[in-house]
Amino acid sequence: MKERLIVIGITVALILILVKLYQIFKEKIHFFASGNQNGFKLGEINLLWKLAQECSLEEPDSLYISVPTLNRAITNYITAARENGTEETEKVQTFLTKLYDYRTKINLDHENKKGIESTKYLDNGQRLRIILPGSGVFKSVILNNGYELTIKLPTQDNIIKVQGENWINRDISVYLWRKGDANYVFDTRVTNSGVFQGQAVLYLAQTNDLLRTQKRRSVRSECNLSAHMFFLQPDERDFNEISDESTGYRCLLEDISEDGAMIRIGGMGKVDSQIKLQFKIGENLIMMFGIVRAVEYNKKFNQSRLHFECIHLEQEMKNRILSFVYNILPPEEKDVFDALIQTEEDEKIVEAEAAESSESQVNPEENNAAPGIILPETPSQVSIEDLAAEDVNE
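Put into structure tokens, the structure is as follows:
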């Protein structure tokens, strides 16, 4: 019995020792396992581990998935080989070839994937649009991607309006367009400020919560605008004709954007009705043509909310709506709207630079005129009751 207890005790002790050793060397064990899975030999993995230590990587495994991190490791390896005179040896060149092949592989893997999920994959030179809550939208660029993101001290209108020390420990939102991919946004924290390669910079914490975003869509804002709604006839194709309001139905716009509105009417609405909205923003007349895409009917109150998609809107009127919407947006929503617009501008700049550098001709922009509305053979029918609504000035 005593011997059995001794054996159990020794076994437990060994297990505890192994657990402790695993906890101590867990990161290294995982690193070596990843290296083996990616086709590196034991000696090569050991060298990669040393490179990860020299680069002060918080996550050594990022060498296997991040092109910028691998670039740093390759640079350090070449520098060390050059200093000790072994750069041209067969062993060093063979290992470099393997590193470059692997770099190409993960680069292609990233390109073939639909997007990226970590800021570790962002390239140097990436343009950024940054929202500092309470201070608006700033622009910057990535100077280095390593343990942290090193970015140029952000500016507004090419002026440094917030000094580096005032960014430290601030939470920010970052918007960007990644060449050949999509728009992205991520939230992070400014960890420090300093100087990098002679430029004032901020240091941002890396994050694995890099999210793809849609291109800027219309910003829809709540409102309380009285309007008149007209059902389109087969021969009504004059987008400039001002309709006699006495022939239309009164309705209320509950929210609005340049590409649609939420309309409240009395009675039951009908999906796919093709209609014209006529109303004023301040003293400016607005006419929107489009289609009812969905209807929410409240039987108790005999009212409907119509989800209206605008198909045709004159540019001048569109600008008036955008001005109205923008001016009543909360400050935080304005910043997001501005950041998305500026990110789209970055995309156009990058594409223009790429076209210029490759000496390729830019195709003329296609006519952006909205397509005409296809009218039904007979006008849609709907029961409408007048709604009492006050006119709302801009």
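Numbering (this note's numbering), first residue to last: 1 to 394. Every residue gets a Cβ at the ideal spot worked out from N, C-alpha and C, and that includes glycine. This one's a predicted model, so the numbers in the text were calculated from it and none came from an experiment.
Do residue j and residue i have their beta-carbon atoms positioned less than 7 Å apart in this structure?
i: Y184; j: L225; result: no
i: E347; j: W177; result: yes
i: I321; j: E245; result: no
i: R129; j: Y175; result: yes
i: N208; j: E117; result: yes
i: L277; j: R264; result: no
i: R220; j: V190; result: no
i: S173; j: I131; result: yes
i: V350; j: K179; result: yes
i: W167; j: L122; result: no
i: E296; j: R305; result: yes
i: F324; j: I281; result: yes
i: L96; j: N76; result: no
i: F279; j: A227; result: yes
Report all residues from its chain with a CB closer than 8 Å to the CB of residue i; omit the five preceding and five following residues, and keep chain order.
i: F456; result: Residue 456 lies beyond the residue range present for the chain, which begins at 1 and ends at 394; the question has no answer from this structure.
i: N400; result: What the structure shows of the chain is the stretch from 1 to 394, and residue 400 is not part of that stretch, so it cannot be assessed.
i: F239; result: M287, F289, H312 and E314
i: Q199; result: L143, K152 and L153
i: I10; result: none
i: E90; result: none
i: V162; result: L132, S135, F138 and P154
Answer with buried or exposed for residue i, where buried requires no fewer than 16 other C-beta atoms within 10 angstroms of its C-beta.
i: G260; result: buried
i: L70; result: buried
i: Q274; result: buried
i: Q37; result: exposed
i: D335; result: buried
i: Q206; result: buried
i: G194; result: exposed
i: Y100; result: exposed
i: I45; result: buried
i: E365; result: No answer about E365 holds up, because its pLDDT of 44 lies below 50 and its placement is not dependable.
i: R82; result: exposed
i: V271; result: exposed
i: L42; result: exposed
i: G35; result: buried
i: Q93; result: exposed
i: Q447; result: The first residue shown for the chain is 1 and the last is 394, placing residue 447 beyond what the model contains.
i: T247; result: exposed
i: K120; result: buried
i: T86; result: exposed
i: T188; result: buried
i: Q126; result: buried
Among residues of its own chain, excluding the 5 on either side of residue i, which ones have a beta-carbon nearer than 6 Å to its beta-carbon?
i: E309; result: G260, G290, I291 and R293
i: I256; result: C223
i: H307; result: R293 and A294
i: F32; result: I45
i: K318; result: E258
i: E254; result: M262 and R264
What residues match up with residue i in a beta bridge as DSSP calls it?
i: V141; result: R127
i: C223; result: In DSSP, C223 forms no bridge with anything.
i: W177; result: N183
i: A339; result: Bridge partners of A339: none, in fact.
i: M287; result: Q278
i: G146; result: According to DSSP, G146 bridges with nothing at all.
i: G260; result: S257 and E309
i: V295; result: L306
i: M203; result: Residue 203 is actually Tyr in this sequence, not Met. Answer is T150 and N192, bridged to Y203.
i: H228; result: R250 and Q278
i: I172; result: T188
i: L211; result: V185
i: I159; result: Q156
i: L47; result: None, per the DSSP bridge assignment.
i: L132; result: G136
i: I321; result: Answer is none; I321 lacks a bridge partner.
i: G266; result: Q303
Using a Cβ-Cβ cut-off of 7 Å (strictly less than) and excluding sequence neighbours within five positions of residue i, which residues of its own chain qualify?
i: N192; result: I168 and Y203
i: K28; result: W49
With a threshold of 7 Å between beta carbons, is residue i in contact with chain C?
i: K152; result: Here there is only one protein chain, and chain C is not present.
Practice task
Please determine if the segment 130-142 and the segment 153-162 are in contact, where contact requires at least 3 C-beta pairs separated by less than 8 Å.
Solution key: Contact check between the segment 130-142 and the segment 153-162: three or more CB pairs, one atom from each, fall below 8 Å, which counts as touching.
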